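Q: I have a structure here, written as structure tokens, and I will follow up with some questions on it.
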Amino acid sequence: MSDISRRKLLGYSGTAAAGAVFASAATAEATATDEATATATVEFMDGTEFRADASMAESDLMMDMSFKVRVDKPNGYPSAQDITPLEVAQALSALAQSKGWPPLTFYGTPPPVALN
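Just so we're aligned: 280 in my numbering is position 73 of the sequence shown, and the numbers increase by one with no gaps anywhere.
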């Protein structure tokens with residue numbers, strides 16, 4: 208995110224300006240991430256752990272979330288039954304947003320690349 212600490216920013220400019228700065232920093236970071244992942248598609252191995260974290264700009268609330276998905280299937284197993292990491296990431300992000308959190312971006316390793 209930004210090198211500016213939230214507490215310093217709040218101390219100087221108030222909540223509304225702090226939220227605007229964090230929102231613009233997050234947008235710039237997301238754009239850079241989208242551009243980087245658009246040029247290189249990464250395949251994650253089954254069982255890769257994906258992590259996301261978020262904080263509320265107007266409070267000290269912080270959240271860290273992680274998950275793994277591994278589907279063992281024999282030959283001929285219908286692919287319609289697959290649950291993909293991207294589906295889980297999107298569902299968890301939607302759940303977080305329904306509770307007032309910002310959208311979550313999950314990263315998988317190696318290398319640390321955005322999943323959603």
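C-beta: ideal position from N, C-alpha, C; glycine also.
Since this is a predicted model, take the numbers as computed values, not measurements.
Mind checking whether residue 289 and residue 278 have CB atoms under 7 Å apart?
A: Locating residue 289 in the sequence shown gives position 82, counting from the first residue. Locating residue 278 in the sequence shown gives position 71, counting from the first residue. Yes, Cβ-Cβ distance for residue 289 and residue 278 is below 7 Å.
Q: Does DSSP put residue 295 in a helix, a strand or coil?
A: Within the sequence shown, residue 295 is the residue found at index 88, counting from 1. The answer is helix: DSSP assigns residue 295 an H, G or I state.
Q: For residue 298 and residue 311, which I take to be in contact (beta-carbon distance under 8 Å), what is that distance rounded to the nearest angstrom?
A: What you label residue 298 is simply residue 91 of the sequence shown in a count that begins at 1. What you label residue 311 is simply residue 104 of the sequence shown in a count that begins at 1. About 10 Å; that fails the 8 Å criterion.
Q: Taking the alpha carbon of residue 265 as the reference point, which residue from 321, 307, 319 and 313 has its own alpha carbon closest?
A: Here residue 265 refers to the residue found at position 58 of the sequence shown. Closest option to residue 265, Cα to Cα, is 307.
Q: How many Å lie between residue 268 and residue 258 at the Cα?
A: Indexing the sequence shown from 1 puts residue 268 at position 61. Indexing the sequence shown from 1 puts residue 258 at position 51. Cα-Cα distance, rounded: 17 Å.
Q: Since residue 329 is in the beta strand (DSSP E), which residue starts that stretch and which ends it?
A: With the chain covering only 208 through 323, there is no way to say anything about residue 329.
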